[in-house]
Amino acid sequence: MCGFSGWICFSSDITEFQDVITKMTDALSHRGPDEEGYYVTKHALLGHKRLTIIDPEGGKQPMIKFHDQQKFIIVYNGELYNTPELRAKLQSSGYHFSSYSDTEVVLTSYIQWKEECVKYLNGIFAFAIFNESTNELFVARDHLGVKPLFFSLKNDNFIFASEIKALLKHPLISTKVNKEGIFELIGLCPARSPFSAIFKDIIELPPAHYVIYSKDRYEIKEYWQLKPEKFNKTVDEIIEIVKNLVTDAITRQLVSDFEICCFLSGGLDSTIITAISANQLRKEGKRLKSFSIDYKDNARYYQFNQYQPTLDSTYAKIASKSIGTDHITVEIDNELLCNALLHATVANDLPGMADIDSSLLLFTNEVRKYAKVALSGECADEIFGGYPWYWREDYKNFKTFPWSPSLEFRKNILSQKYSKSELEEYVDYRYKESVGKVKYLDSDSQEEIRHRIVYYLNIKWFMVTLLNRKDRMSMANSLEVRVPFADYRIVELLYNIPWKIKYLENMEKGLLRRSFEGIIPDEIKSRKKSPYPKTYNPEYLKKTKKKVLEIIKNNSPVFEIIDKTYLENITEKELFPLDKPWFGQLMTLPQFFGYIIQLDFWIKTYNIDFE
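Read in order, the letters of the sequence shown are residues 1 to 611 in full-length UniProt numbering.
Structure, rendered in structure tokens:
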């Protein structure tokens with residue numbers, strides 16, 4: 001996996017500004033510590049940092065290819081999982097390859113099919129291709145947003161990069177945040193609206209979108225959408241299809257010239273991935289390493305709750321022993337967890353999921369000591385229906401984003417300087433905007449329509465939030481994490497499977513459980529869903545509260561957008577004013593304090609200018 005940056009300007013010669021592209025690219029060194037490369041021409045500056053996974057010699061970037069007297073240059077971040085098929089297809093059309101890297105296959109696919117190339121790609125990717133002969137730029141992001149891509153259009157300058165921090169190194173891009181950005185931070189975060197990067201000058205290219213940019217053209221297009229189709233399979237048929245498709249997705253993602261491992265929580269999703277991976281690697285004479293996360297003294301303080309009914313530690317051991325992996329449990333210290341909130345903010349360039357981020361940052365730092373590539377179980381809950389807002393009655397009929405149910409709480413957090421009614425209108429607009437894009441069949445019942453709506457919202461919002469988190473925290477440690485369930489073929493299939501089949505045996509993800517019966521241990525198959533683990537140690541709450549009290553005492557600039565009195569009341573009572581998490585399934589009072597700490601640090605460190 002890699003990081004890249006670029007600057008295109010057709011109205012000026014920008015070759016003298018090579019120092020700018022160097023600074024932008026250097027900001028991405030964590031994404032690619034192995035190699036760097038640059039391409040400089042009159043109207044284009046491109047930089048690349050490489051994490052070498054496949055074809056160390058043949059995959060160097062920026063990569064150049066000539067065809068029909070035209071010159072094409074690519075910078076690419078990703079992994080293509082249908083490389084052999086695409087290479088063969090292109091070779092049959094007369095193309096020749098000088099490497100076995102997927103980078104050359106992506107570049108050649110563009111040469112052959114232009115913007116239609118994205119419809120042939122199965123993988124995780126963000127890339128930019130510059131046609132120097134025609135002075136046209138093409139940038140694209142994968143179907144589900146596993147890999148990031150941000151850009152800014154300032155006058156005649158198109159500036160892009162893998163992360164926000166690289167864009168902020170460009171002198172034309174400011175740290176201004178307008179009212180819309182503030183409403184995102186308070187009303188929606190850690191999720192963000194499609195296209196929003198919070199900063200006024202920066203746009204995040206949404207998943208399944210591409211941009212074409214030339215002197216006379218600027219076009220953004222969505223190239224892939226969820227399409228409703230009539231379901232006409234039996235339960236047994238769909239079980240077999242799911243089993244084969246998921247197995248194929250996992251197997252395709254085991255290609256690497258370096259050691260590969262799996263995250264193994266002992267939950268359904270990670271156990272399936274680990275079982276398939278271990279079996280495949282065993283055929284190659286290799287033994288798989290697996291990793292799980294825990295927190296110091298967590299078992300001592302954990303109490304059963306509806307959102308996290310069991311701890312992972314016991315089940316991870318059961319799964320590892322049954323599958324046959326070399327298992328390592330990474331225990332996180334709560335003081336380090338609190339301190340890492342700041343590092344996680346820098347990794348993300350934004351306040352995020354508090355210790356849900358910082359724990360992953362610390363975890364992947366340990367995993368990176370053993371491997372360069374890991375497989376993880378994200379995205380199964382979004383598509384197979386693992387979250388409570390799919391099946392619990394008190395969630396199902398919300399008229400807002402179900403993982404963020406209490407807008408009243410968020411309105412109370414907002415500074416008196418801003419209109420609470422405007423915040424409510426903004427969130428409602430974003431919700432209705434998304435719901436309005438959902439496609440369904442005329443024959444769909446109201447229940448089926450609601451299921452499609454929840455599915456769509458999960459794919460376009462909640463999944464992207466978790467994938468952003470996974471990418472930034474892992475790549476901050478130069479670890480490539482692949483997510484087999486984020487295969488667009490699986491997502492397309494599950495969009496059209498009725499809820500009653502996904503909910504086989506009246507259990508969340510019942511279809512997935514049944515599909516891998518006999519392949520995973522029975523204890524895992526019957527285990528209730530338990531999300532990514534968080535700390536229950538009261539020391540963590542004490543430490544975050546102490547930091548928030550310091551923020552209040554010092555009259556931080558965070559109170560430009562946060563209501564100080566409301567925050568003081570929460571710290572004094574130490575009682576979270578909600579009966580549900582304020583975001584997702586994990587973010588309650590300790591994570592709210594963590595978010596305030598991240599927000600405060602971000603405003604100061606990034607020198608945020610609120611308009």
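Ideal Cβ placement from N, Cα and C applies to all residues, glycine included.
DSSP lists LEU46 as the bridge partner or partners of TYR39.
At the C-beta level, GLU79 and GLY37 stay beyond 8 Å of one another. For SER214, the enclosing beta strand (DSSP E) has its first and last residue at 209-214. By the Cβ test, the region 67-85 is in contact with the region 124-132, since at least three Cβ pairs between them sit closer than 8 Å.
Around the beta carbon of THR345, 16 or more other beta carbons sit within 10 angstroms, so the residue counts as buried. In the structure shown, GLN598 adopts helical secondary structure according to DSSP, grouped into three states.
For VAL118, no beta strand (DSSP E) encloses it, and the DSSP letter there is neither H nor E. When DSSP states are grouped into helix, strand and coil, ASN82 belongs to the coil group. Annotated as proximal: CYS9 and ASP156, with beta-carbon spacing under 8 Å. Beta bridge pairing from DSSP links THR329 with SER292. In this structure, LEU541 is the residue among LYS114, ASP563, LEU541 with its C-alpha nearest to the C-alpha of TYR301.
Listed as beta-bridge partners of LYS65 by DSSP are PHE72. Taking 8 Å as the upper bound for CB-CB distance, LYS154 and ASP201 are in contact here, some 7 Å apart. Residue nearest to ASN348 within the set GLU572, SER11, LEU28, SER133 is LEU28 (criterion: CA-CA distance).
Counted as a single uninterrupted DSSP element, the beta strand (DSSP E) harbouring PHE263 occupies residues 260-263. For TRP499, the enclosing alpha helix (DSSP H) covers residues 499-502. In summary, PRO33 is exposed, with fewer than 16 beta-carbon neighbours lying within 10 Å of its beta-carbon over all protein chains present. Counting every other CB atom within 10 Å of its CB across the protein chains shown gives ASP142 a total of 16 or more, marking it as buried.
TYR606 counts as buried, since no fewer than 16 other beta carbons sit within 10 angstroms of its beta carbon.
Straight through space, the alpha carbons of GLY385 and ASN506 are spaced by roughly 12 Å.
The region 130-147 makes no contact with the region 88-99; the number of CB pairs closer than 8 Å stays below 3. With 16 or more neighbouring CB atoms inside 10 Å of its own CB, VAL106 falls in the buried class. About 5 Å separates the beta carbon of LYS534 from that of LEU586, a gap short enough to meet the 8 Å contact definition. A straight-line Cα-Cα distance of about 33 Å links TYR503 and SER358.
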